Structures are given as structure tokens and as C-alpha cells.
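Going by the UniProt record's numbering, the letters in the sequence shown line up with residues 1 to 233, in that order.
We put the CB at the ideal spot given by N, CA and C, even for glycine.
Small disclaimer: the values here were computed from a predicted structure and weren't measured.
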Amino acid sequence: MVQIGIDLPSSKEAVRISEAHSTEGLEIFYSIGCHPTETHEFPNADQILDLAKSRMHDPKFSAIGEIGVDLYHDASTRSAQNEVLRKFLQFSSDHKLPVVIHSRDAFADTYEALKEFKTKAFGVIHCFTYDYEAAKQFVDLGYYVSFSGIVTFKSAIDIQEAARKIPLETILIETDAPFLSPMPHRGKRNDSSHLPFVLEKMFSLRTETNTEVSDRIYQNSIKFTERKAYHHA
1 MVQIGIDLPS SKEAVRISEA HSTEGLEIFY SIGCHPTETH EFPNADQILD LAKSRMHDPK
61 FSAIGEIGVD LYHDASTRSA QNEVLRKFLQ FSSDHKLPVV IHSRDAFADT YEALKEFKTK
121 AFGVIHCFTY DYEAAKQFVD LGYYVSFSGI VTFKSAIDIQ EAARKIPLET ILIETDAPFL
181 SPMPHRGKRN DSSHLPFVLE KMFSLRTETN TEVSDRIYQN SIKFTERKAY HHA
């Protein structure tokens, strides 16, 4: 399980939850980030990076994110989002930490930023909402592609094609809780108990056996929490 940070308060809370609730049977990893809709609070970006620096010793600090570009909402300017994204990508590059990328209606901006840091930064495209061609380009840059409950929606034809065609070793699945519950729970509050519905959809889309799909996605998640890209040994 990874508790995601999207701003300074939630990143601090992610650290607290990990420290308070991780047990021998359940490790709670966490990320520290600045969601693109939060980049209007630009001074906080440096404070968030200071928090990240202070947690580098902790193996449960698994990623930088969410970071990215969101042109669907208008809470932050495009220029601010792009500037903050590159600032965090540089930190990721310097410290060999994966990133959790949020990208909505912003493929070109996101891709260009990630391309600038090719071979330097890596991570996952969280809650993927584009098509197969976009997924392939992200994979070619060294990124995992993560599918949420959206992949179970009847209308998600392009997303399903991407899930079917990209290499299995590049795939992750997620809840994005409390949002985006998969079918048949669409519209309800999401939580980790709904993740099997996403996995079942992956079974139906892939040509590999169900065991091969579930085992490989599990191994991918382990690699990610160990701060490794899909192409790392």
C-alpha cells in the first residue's frame, strides 16, 4: 500500500500514517509530492522538497508524487505546473527516487517534461487516461503505466486497448481511493477492497494466464516500492 502526498499537509500525514500503522504484516509506503492543482502555492514546493530530503533515510519513502500537469482544472497556471514538475523531476533525478505522475488533458506537456529527464528520472503514470499510443510513448521513456477503476468502465475503450497491448512488465493497478470505484461499484466511495475488480478486468484484457498477470503485477509493485524502474534488475 502506498499513501500518496499531494501537498505539504497530506505529505506530512502520509509520513505519519506510515510510521503509526506499518506492521510486520502490512508495510505502508508513502510518497511526498505537489499535485499540479496545488502549484498555485508555489512557495510550498520548496517546503515539500525539504520534507522529502529529511525522509531520504526511510525505505518506506517510495516515491515523489503526485506531480504533473492537469489542464482539465484551472486551479493553477500551466506555466507554474510545468515549472514545479521540472523542479520535482530534478529532485527525483538527483536522489534516484521514482515519481508518481498525474497527467490529465496534458499529454504533450507531460511527455515533453519526462522526455527532458529521460534516463535521469523514472516512475509511474498514475491513473492512466490516454490511449495506447500515449501509453507506448510513456513506456518507451521507462515508465510504468497504472490503471485505476476507469479501466472497468464500458466507455473506456482507449484505456482498455492500452492495458491489453503494453508489456505486462510495465503495468501497475491502483485504487486512486476514495475516487473512481470500479464497476460494479462506480459512483461509490473507493477503497482497497475494490482493487480485485480492476485485476479481474486485467485478466479479461490480457492473453497471459490469470496467474501470470497477477504474479507479474505484484512483482511490478514490489519493484516500484523498492525504487526500481521496470527495466531495472
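Beta-bridge partners of R104 (DSSP): D70. Burial check for N210: the Cβ neighbour count within 10 Å stays below 16, so the residue is exposed.
Taking all protein chains shown into account, A106 has 16 or more neighbouring C-beta atoms within 10 Å of its C-beta and is therefore buried.
For Q3, the closest C-alpha among the options Y230, R78, D191 is that of D191. A straight line joining the alpha-carbon of S181 with that of I159 spans about 16 angstroms. Contact between L141 and K115 holds, with the beta-carbon distance rounding to 6 angstroms and staying under 8 angstroms. In this structure V145 touches I166 by the C-beta definition: roughly 6 angstroms separates them, less than 8 angstroms. Our two residues, H95 and D7, have alpha carbons roughly 20 angstroms apart in a direct line. Of the candidates S148, S79, E24, A63, the residue whose Cα lies closest to the Cα of M183 is S148. The C-beta separation of I32 from G68 comes to about 14 angstroms, leaving the pair out of contact by the 8 angstroms criterion.
Note that the C-beta distance between Y230 and E161 is not below 8 angstroms. The straight-line gap separating the alpha-carbon atoms of L49 and G5 is approximately 12 angstroms.
The beta-carbon separation of M202 and I157, rounded to 16 angstroms, does not stay under the 8 angstroms limit for a contact.
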